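Residue numbers (my numbering): 12 to 918. For glycine and all other residues, C-beta sits at the position ideal for the given N, C-alpha and C. Note that the structure is a prediction, hence the values are computed from the model and not measured.
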Amino acid sequence: MFGNLFNSRKTVRSEDEATGETQVTGAEVKIEQNSGGDLFGDATKVSESIKVAAPNVPSEPSEQSNKSIVANPQSRENITALSRLDPRATQVLNQAQQLAKKNGQQLIEPMHLLYGLIYDGEIFKVLEQFGVDGAKVSQEIEGRQEKGNFFGQPTLSDGSKEILEEAYGTAKQRGASFISPEDILLAVFQATQTADLLKSKGIDKAGVEEKLSKSTGYVLAHKSMIEKYSIDLTVEAHEGRLDPVAGRDREIERLIHILLRRTKNNPIIIGEAGVGKTAIVEGLAQKIVDEKVPKDLSGRKIMQLDMASLIAGAAHRGEFEERFRAVIKEAQASSGQLILFIDEIHSLIGAGDTEGSMDASNIIKPYLARGQIQLIGTTTTAEYRKYFEKDKAFERRFQPILAEEPSEEAAIEMLKVLQPKYEKFHNVTFSKEALESAVHLSKKYVGERFLPDKAVDLLDEAGAEVKLTRSEGKRADNEVKKEDIEKVVSAWTGIPITKLTEDESQKLIHLEELIHKRFINQEEAVVAIAEAIRRGRIGLSAAGRPIASFIFLGPTGVGKTELAKAMAEILFGKEEAMIRLDMSEYMEKHEVAKLIGAPPGYVGYEEGGQLTEAVRTKPYSIVLLDEVEKAHPDVFNILLQLLEDGRLTDNKGNTISFKNTVIIATSNIGSKIIQEQLSQTRDASLPNGDSTNAKNPSGEDKSFDDAQGKQAQEFEKKFAEVTKILLDELHKFFRPELLNRFDELVVFKPLNPRDMILIAKLGIEKTRKLLRDQKFDLEITEKALNQLAKEGYDPIYGARPLRRLIQTVIENPISLEIIGKNYVAGDTILIDFDEQKNEFIFSKTQVQKVTSESKTEQESQTNGKEPVYGFDNDGMMPPVKPQEPPSSSPPVPHEPPADGTQMQKNV
12 MFGNLFNSRK
22 TVRSEDEATG
32 ETQVTGAEVK
42 IEQNSGGDLF
52 GDATKVSESI
62 KVAAPNVPSE
72 PSEQSNKSIV
82 ANPQSRENIT
92 ALSRLDPRAT
102 QVLNQAQQLA
112 KKNGQQLIEP
122 MHLLYGLIYD
132 GEIFKVLEQF
142 GVDGAKVSQE
152 IEGRQEKGNF
162 FGQPTLSDGS
172 KEILEEAYGT
182 AKQRGASFIS
192 PEDILLAVFQ
202 ATQTADLLKS
212 KGIDKAGVEE
222 KLSKSTGYVL
232 AHKSMIEKYS
242 IDLTVEAHEG
252 RLDPVAGRDR
262 EIERLIHILL
272 RRTKNNPIII
282 GEAGVGKTAI
292 VEGLAQKIVD
302 EKVPKDLSGR
312 KIMQLDMASL
322 IAGAAHRGEF
332 EERFRAVIKE
342 AQASSGQLIL
352 FIDEIHSLIG
362 AGDTEGSMDA
372 SNIIKPYLAR
382 GQIQLIGTTT
392 TAEYRKYFEK
402 DKAFERRFQP
412 ILAEEPSEEA
422 AIEMLKVLQP
432 KYEKFHNVTF
442 SKEALESAVH
452 LSKKYVGERF
462 LPDKAVDLLD
472 EAGAEVKLTR
482 SEGKRADNEV
492 KKEDIEKVVS
502 AWTGIPITKL
512 TEDESQKLIH
522 LEELIHKRFI
532 NQEEAVVAIA
542 EAIRRGRIGL
552 SAAGRPIASF
562 IFLGPTGVGK
572 TELAKAMAEI
582 LFGKEEAMIR
592 LDMSEYMEKH
602 EVAKLIGAPP
612 GYVGYEEGGQ
622 LTEAVRTKPY
632 SIVLLDEVEK
642 AHPDVFNILL
652 QLLEDGRLTD
662 NKGNTISFKN
672 TVIIATSNIG
682 SKIIQEQLSQ
692 TRDASLPNGD
702 STNAKNPSGE
712 DKSFDDAQGK
722 QAQEFEKKFA
732 EVTKILLDEL
742 HKFFRPELLN
752 RFDELVVFKP
762 LNPRDMILIA
772 KLGIEKTRKL
782 LRDQKFDLEI
792 TEKALNQLAK
802 EGYDPIYGAR
812 PLRRLIQTVI
822 ENPISLEIIG
832 KNYVAGDTIL
842 IDFDEQKNEF
852 IFSKTQVQKV
862 TSESKTEQES
872 QTNGKEPVYG
882 FDNDGMMPPV
892 KPQEPPSSSP
902 PVPHEPPADG
912 TQMQKNV
């Protein structure tokens, strides 16, 4: 059925031969035939007219309407597209008119145009390339038509006129004088009804352009340089693709004032990343579209230039320069209708700078100086200082607008404006508390970024989290609440700000007990740091300062560093989570820079500071400044700012927050005085006499308690004297303004003999854990434990001699025995002490599971025997009777009975 129509290619001339103008009478456009004949076959006649719909136009030509409309520019504009139809396009329009007339419709709608396009052979082939049957589409369109009662000649609707004008613009862009059906096909995508129909068939505008680009008979329009390398923000605003802007009326008004100046009318918006500099320009574009700007700015376009695209591929010298000049000349030719916008405008300086060519800033300077183009730029404060202030000739072409970070109240209002967009995207709702929490929590915990950007990111991620959990069936409601925002902040920063769980509440309540499981004595220090952690966890710490700050004083080896490690393990699960700085590494003046980073021009400038970088990546942590007195005095100047304001500025100008850290400084000041004061108790240890008879744990011999009581009194007296001396020495060494900034000065007590027994247990337990990793177990008798405490005790050097003693007399012999195959995996090693030989002895035990009756009988037989210490039951294993296993029986694995007790046998 399409054969005859597809072969019709006769020429239609629409211009008057004498004047070259199309003659129009009334509201009718006559399509004159140059050489008689029937252009469209029997169905249509060229003499048939196609009317242009216009209000108040009479159906019959009158004397007034018979006058030529050529002299009327507005009327001429309405019919320009009709006067530029090529023969194929004329046929398309004629078919569209016939369908409208057939159904008694007064207007030729875009759907009629699409129907006419299908009757064109080339368009039919394009549809076939998408796998679409044109005949079925035409039948579908016919089926959608509604019957009317109009019997006159149908006229073009407003939508159809816009399509033809768009097609004419496309034709002009590709250098054609007349509109082709391909131009109309590209234009019908701007009408919703036709675009939806084509998209339902899998046809989109980009796909059509791609197919046409491969056609030899059609040349796609070439975009202008500005269109090729920029985005029209006014078009984006008109189509609703820009986010609404709130809270920036003052900046937008200032932007308009500068644009209306006669000279130097180029604004540059300066502000930190994330405060909304680009949004201010987008707000202006929206005001232009909404016609809420002065008359002089009405109708102007803001074109956002993409410098990356402009530079991309410009490998040869002068290629970038040529592109950039073309863009500038197009903006210049627009007579002020185009305003260029360059985000991150500092990228202009040096862009495209190759040998023998100018960079972008030097290319654009003359045009800015003569006021031939208008330019809006944005940049950060640091980049403005770095680039613009050095180039005064470039800087003076611009008028700065400062965009400051909005207040929390203003940021909340900004989020309320953006709320509908994010709710629609994520299919969730945001509660009022969620919006407020996003601003408050981001301001408090996300220190390196700025409002409103960081608050918007919080909302976005919380919405995504709720959307994901709902899709996985883990959540029923779709409301983003305050708890969801807190969860995202905790994930970002590692700071626990969510509601306390039951387990965490119990941990904080019993924090002192948890610490004492691995840390002996020093009750004052333990209580001080536990209270600080609890205050910080519920948000009662002083605003703008660290959660807490301490100076730990005391003799070496009493546990100052160990307490910080214990807190790190309890809070974060491992000792390594603590940020530890050995201040002996900062003894020289120049090494102070390592804390915050080397200044520009020095080695290591790009690496950042050891302290600032560590806290930046782990903002919730314990910072240990070990042996702080060994650092250079200039380090103390940095500590002043850190302790008072809770922040440090690194070498790159970034502000690092210490508000969620616990600062612990340890010091050995006065260690010589401590040695002198405690030298007389150097030989103090367990009570004189047979340590095997010291039955203090079972209460059978009071000599142990009596001796320890006397020694405890002596230590308390000495400790009071040492404390006073230590504080005096501390004030002599540190400046008062530094000491005054610490929350508390904690003096650690020297260790006494009773502490050493408990510390010895902890030391053996550490060795036992290491052996368990190798499939061995370890137990020790009370006699051996007392001997370790006795030999390892030194009031001057604290617990460190005990650690070395365990390595020497316990770990080294066991290592040799294991290497010599004397112990095999599954064995339990028993440590005892032989007083006659004055040495520790090792034997192998096997533990068997027994019934409660035999357990009771065996326990009754162990009276007077040495208890054996394991650590399966809070550090103690009940004493049991040694037994000889059958010689033929293999070792029995170490397995605890059901009631929680253990039995041991000597092999």
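{"query": "Skipping 5 residues on each side, what residues in its chain have a beta carbon closer than 8 Å to that of Val538?", "result": "Glu523"}
{"query": "In terms of DSSP beta bridges, what is Gly809 paired with?", "result": "Asp805"}
{"query": "Confirm, please, whether the CB-CB distance from Ala771 to Phe844 is below 7 Å.", "result": "no"}
{"query": "Taking Gln410 and Ile279 to be in contact with their CB atoms under 8 Å, please state how far apart those CB atoms are, rounded to whole angstroms.", "result": "7 Å"}
{"query": "Alpha carbon to alpha carbon, what distance is there between Asn160 and Ser235?", "result": "47 Å"}
{"query": "Where does the unbroken alpha helix (DSSP H) through Gln106 begin, and where does it stop?", "result": "Pro98 to Lys113"}
{"query": "In chain order, what residues of the same chain lie with their CB nearer than 6 Å to the CB of Met425, ignoring the 5 residues before and after it?", "result": "Ala257, Gly258 and Pro463"}
{"query": "If you compare alpha carbons, which of Glu153, Arg272 and Ile633 is closest to Lys112?", "result": "Glu153"}
{"query": "Counting pairs of beta carbons, one from the segment 240–256 and one from the segment 169–179, are three or more of them closer than 8 Å?", "result": "no"}
{"query": "Would you mind sorting Asn89 into buried or exposed? The rule is 16 or more other CB atoms within 10 Å of its CB.", "result": "Low per-residue confidence applies at Asn89: pLDDT is 45, beneath 50, and the placement is therefore not dependable, though the value from the model is reported in the following sentence. It counts as buried."}
{"query": "Tell me, please, whether the segment 344–353 touches the segment 301–316 by the rule of three or more beta-carbon pairs shorter than 8 Å.", "result": "yes"}
{"query": "Is the distance from the Cβ of Val457 to the Cβ of Phe759 below 7 Å?", "result": "no"}
{"query": "Identify which residue in Asp131, Leu756, Asn114 and Glu490 has its Cα closest to the Cα of Pro98.", "result": "Asp131"}
{"query": "Taking the beta carbon of Leu479 as the centre, do at least 16 other beta carbons fall within 10 Å, making it buried, or is it exposed?", "result": "exposed"}
{"query": "Is it right to say Met589 is buried, meaning 16 or more other beta carbons lie within 10 angstroms of its own, or is it exposed?", "result": "buried"}
{"query": "In whole angstroms, give me the CA-to-CA distance for Gly831 and Pro824.", "result": "11 Å"}
{"query": "Cα-Cα, which of Asn751, Ala625, Gly620 and Thr567 is closest to Lys663?", "result": "Gly620"}
{"query": "What residues in its chain sit with their C-beta under 7 Å from that of Tyr808, if we drop five residues either side in the sequence?", "result": "Thr567 and Gly568"}
{"query": "By the DSSP assignment, the alpha helix (DSSP H) with Ser372 in it spans what residues?", "result": "Ala371 to Ala380"}
{"query": "In the structure shown, what three-state DSSP assignment does Ile590 receive?", "result": "strand"}
{"query": "For the structure I just gave you, are there three or more beta carbon pairs, one from the segment 412–420 and one from the segment 374–383, closer than 8 Å?", "result": "no"}
{"query": "When every heavy atom of the ligand MN is checked, does at least one fall within less than 6 Å of the C-beta of Val304?", "result": "The ligand MN is not among the ligands present in this structure, which contains no ligands whatsoever."}
{"query": "Hey, quick one: how far does the beta strand (DSSP E) through Thr390 stretch, first residue to last?", "result": "Gln385 to Thr390"}
{"query": "Count the other CB atoms within 10 Å of the CB of Thr666; is the residue buried (16 or more) or exposed (fewer)?", "result": "exposed"}
{"query": "Once the 5 residues before and after Phe744 are set aside, which same chain residues still bring their CB inside 7 Å of it?", "result": "Glu640 and Ile680"}
{"query": "Quick one: complete alpha helix (DSSP H) runs, 4+ long, within the segment 254–321?", "result": "260–270 and 288–300"}
{"query": "Taking the continuous alpha helix (DSSP H) assigned at Thr628, which residues delimit it?", "result": "Gln621 to Thr628"}
{"query": "Determine the DSSP secondary structure at Leu635, reduced to helix, strand or coil.", "result": "strand"}
{"query": "Unbroken alpha helix (DSSP H) runs of length 4 or more, entirely within the segment 125–211: which are they?", "result": "132–140, 145–155, 169–184, 192–198 and 203–211"}
{"query": "I think Leu651 touches Arg556, with their Cβ atoms under 8 Å apart; what is that distance to the nearest whole Å?", "result": "Not a contact, Cβ separation roughly 12 Å."}
{"query": "Under 8 Å by Cβ, that's how I've got Tyr597 and His643 pegged, so tell me the actual separation to the nearest angstrom.", "result": "6 Å"}
{"query": "Strictly by DSSP, which residues pair up with Ser922?", "result": "Here the chain comprises residues numbered 12 to 918, so residue 922 is not present and cannot be evaluated."}
{"query": "Helix, strand or coil, according to DSSP, for Pro507 in the structure here?", "result": "coil"}
{"query": "Looking at C-beta atoms only, is the number of pairs between the segment 426–433 and the segment 288–297 that lie closer than 8 Å three or more?", "result": "no"}
{"query": "Whole angstroms are fine: how far does the CA of Thr572 sit from the CA of Val646?", "result": "20 Å"}
{"query": "Assuming Glu490 contacts Ser453 under a Cβ cut-off of 8 Å, what Cβ separation, rounded to an integer in Å, is found between them?", "result": "Actually they do not touch by this definition, with Cβ atoms about 20 Å apart."}
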